[in-house]
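Per the working numbering, the sequence shown runs over residues 190 to 377. Below is one structure, written out as structure tokens, with a few remarks after it.
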Amino acid sequence: MGAPRILDVYNRPTRQKSDCSCGPASFSLVAAALGLGEIPETSWWDGAHARWLRVEELPSRGMALHEAATALELTLGERAEISSHRAFPENKTLLERHLLLATTQPNLALIANFAQDPLLDRNEHPQGNPHYSPVAAYDRANRRALIADVDADVKEAYWATLDALFDAMAFQNPAYRLPRGWLLVRKR
Numbered sequence: 190m191g192a193p194r195i196l197d198v199y200n201r202p203t204r205q206k207s208d209c210s211c212g213p214a215s216f217s218l219v220a221a222a223l224g225l226g227e228i229p230e231t232s233w234w235d236g237a238h239a240r241w242l243r244v245e246e247l248p249s250r251g252m253a254l255h256e257a258a259t260a261l262e263l264t265l266g267e268r269a270e271i272s273s274h275r276a277f278p279e280n281k282t283l284l285e286r287h288l289l290l291a292t293t294q295p296n297l298a299l300i301a302n303f304a305q306d307p308l309l310d311r312n313e314h315p316q317g318n319p320h321y322s323p324v325a326a327y328d329r330a331n332r333r334a335l336i337a338d339v340d341a342d343v344k345e346a347y348w349a350t351l352d353a354l355f356d357a358m359a360f361q362n363p364a365y366r367l368p369r370g371w372l373l374v375r376k377r
């Protein structure tokens, strides 16, 4: 379960269905990998969440990190505990610790919120192409993470060094002037 199962679910294949649904696709992949059920992408921005989230905007703009954490909590309820973490400079060590835990503990998963362009060595979007995807493995010796990228155009998981991943997370969300980061999902 957890990270080892992430690749199994990812290879079905599990990919986002629209440009701005990388968050929901990642959440669905992680929920299935943790044994929390098969949850359709559309459930994460369901109208029932409108009291807490601007669900009518999410399909066209995606989700900020705090909105993603809220969507996960609302959908998974007491079945999982969600924590969000920003890529502030002092949190790089915490990211590595969470990567190790999430890829070795059967009840944990880590979803990265990052600028995708730098990791794919492209320059298509002025904000680095904001994105979500789960981490499937962590190679401690080489300090690199295996990204199970849910982008429909990405065919295989790829490795990113800890430094490159953290730098991609540190891209600021211009709407909030905060860096992106990661979500830790713990099945209860």
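For each residue, glycine too, the CB sits at the ideal point set by N, CA and C. Remember, predicted model here, so these are calculated numbers, not experimental data.
- The stretch 333-342 makes no contact with the stretch 357-373: fewer than 3 CB pairs, one atom from each, lie closer than 8 Å.
- With a 10 Å radius around the Cβ and a threshold of 16 neighbouring Cβ atoms, G224 comes out exposed.
- CA-CA distance, R311 to A353, rounds to 14 Å.
- Judged by pairs of C-beta atoms under 8 Å, the stretch 258-266 does not touch the stretch 278-294, as fewer than three such pairs exist.
- Excluding its 5 nearest sequence neighbours in each direction, T203 has C-beta neighbours in its own chain below 6 Å: L218, listed in chain order.
- Rounded to whole angstroms, L299 and R275 show a C-alpha spacing of 13 Å.
- For T350, the enclosing beta strand (DSSP E) stretches over residues 347-350.
- About 6 Å separates the CB atoms of A269 and R377; that is less than 8 Å, so the two are in contact.
- Residue environment: D338 is assigned as buried (16 or more neighbouring CB atoms within 10 Å of its CB, all protein chains considered).
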